[in-house]
Amino acid sequence: MPKTLTIATPKSFSFISTISSHGWSDLAPFRLDREQRRVNYVFRGPDGSALPAVISENGGKLNVVVDAVTFDKELLVLDVRHMFRLDEDLTGLYEVIADDPRLAWVVERRAGRLLRSRSVFEDLVKTICTTNCSWALTKIMVSNLVSKLGTSSLGGESAFPTAEAMASVDVNFYRAGIRAGYRSQYFVELAAAVAQGTLEPEDWLNSSLATAELKKQMKMVKGVGDYAAENLLKLVGRYEGLALDSWLRSQFYRYHNNGKKCSDERIAGHYEKYGDWRGLVIWCDMTEKWIV
DNA sequence: GCGTCCAGGTCTACC
DNA sequence: GGTAGACCTGGACGC
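Residue 8 is where the first sequence starts when you use our numbering, and the numbers rise one by one after that.
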């Protein structure tokens, strides 16, 4: 019998804006149901069990329907608060864009919260899967990771694999089974480091390091370059980096440069006035059509 | 059906 | 520190 958790949300929160904020809700173990305005996700209990859930909004609260007999309620609430960033204060963002008519919609639609996975490790692996490939291939790689290495529930739905599970297979498995290509060796090394405790991505959430230093630390992970590190920084709540990739650049050319290519320096200059929020401002600026 | 290009980049060797 | 070339894959496109 499914059990329902109800979680209060802040006034500045928008469920639909958050689940539409970027492509994460299209990556397993997320599954977005746009028509029903809800999102499925498979959580993982402390014992490693898969906990399928359906998350929706009702009257300013999140309803989380969990398809499991027993689970740690407090842990699951913490996961939901983390993923939907219920405790993040975006007042600073709204202040820096207050005089910008082009970005007025951000405040109106309570946008700016970027959906994230239940762990930084999961976001790190997914980010590496976004590099140097089409979005279609990213979805294939992440889907393979979840279905082939994740723990399954009784209903057959899988959670994102643990570092231990990812460390239990070799480079050939990543190449043939995950279709990860040259990223395969990166995943072997990353999973081993996290499983052995020599790398702890969860620490990045509350790191006391300056953002530039934290970015350097992130880039020590094979497969993480400037784009990936800055994307991860956004997911841990630091927005100084623009995380420019080919898609973001093309959108900037379209909206701000008459469709013509320009330098990254020109893009950076455009958003400099937004200070430490510039990485979130450029993302909002390019994704208005996603937020309905 | 086949070949080419490129996509939500990064690493390494070399200068 | 800057740059060229290699790297996997799969979908889109032209022929």
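We put the CB at the ideal spot given by N, CA and C, even for glycine.
query: What are the partner residues of residue 65, as DSSP defines its beta bridges?; result: 68
query: Write down the C-beta distance between residue 286 and residue 241 rounded to the nearest angstrom, noting that I regard them as a contact closer than 8 Å.; result: 6 Å
query: Would you please state the rounded distance, in angstroms, between the beta carbons of residue 49 and residue 36? I believe it to be under 8 Å.; result: 4 Å
query: Is residue 51 helix, strand or coil by DSSP?; result: strand
query: How many Å lie between residue 83 and residue 107 at the Cα?; result: 38 Å
query: For the alpha helix (DSSP H) containing residue 128, name the first residue and the last one.; result: 127-136
query: Which of the three DSSP states, helix, strand or coil, is assigned to residue 10?; result: strand
query: Since I believe residue 132 is in contact with residue 152 (beta carbons under 8 Å), could you give me their beta-carbon distance rounded to a whole number of angstroms?; result: 7 Å
query: Hey, residue 212 and residue 127 are a contact pair by Cβ (cut 8 Å); roughly how many whole angstroms apart?; result: 6 Å
query: Looking at residue 190 and residue 147, is the spacing between their C-beta atoms short of 8 Å?; result: no
query: So residue 228 packs on residue 197, CB below 8 Å; how close in whole Å?; result: 6 Å
query: Can the beta-carbon of residue 298 be found less than 8 Å from the beta-carbon of residue 51?; result: no
query: Within 10 angstroms of its Cβ, does residue 145 collect 16 or more other Cβ (buried), or is it exposed?; result: buried
query: Kindly indicate which three-state DSSP category residue 243 falls into: helix, strand or coil?; result: coil
query: How long is the line joining the alpha carbons of residue 254 and residue 76, rounded to whole angstroms?; result: 43 Å
query: Please classify residue 238: is it buried, with 16 or more other beta-carbons within 10 angstroms of its beta-carbon, or exposed?; result: buried
query: Residues in its own chain within less than 7 Å of residue 162 by CB, not counting five upstream and five downstream?; result: 59, 74
query: Taking its Cβ as the centre, do 16 or more other Cβ atoms sit within 10 Å of residue 33, making it buried, or is it exposed?; result: exposed
query: Leaving aside the five residues before and after residue 112 along the sequence, list all residues of the same chain whose C-beta is less than 8 Å from its C-beta, in chain order.; result: 118, 295, 298
query: Given this structure, state the Cα-to-Cα distance separating residue 105 from residue 260, to the nearest angstrom.; result: 24 Å
query: Are residue 69 and residue 91 closer than 8 Å when you measure CB to CB?; result: yes
query: Between residue 274 and residue 141, what straight-line distance do the alpha-carbon atoms span, to the nearest angstrom?; result: 23 Å
query: How many whole angstroms separate the CB atoms of residue 194 and residue 173, which I take to be in contact at a CB cut-off of 8 Å?; result: 6 Å
query: If you drop the 5 nearest sequence neighbours on each side, which residues of the same chain put their C-beta closer than 7 Å to that of residue 159?; result: 57, 165
query: From 149, 27, 169, 21, pick the residue whose C-alpha is nearest to that of residue 94; which is it?; result: 21
query: Is residue 209 buried or exposed, if buried means 16 or more other CB atoms sit within 10 Å of its CB?; result: exposed
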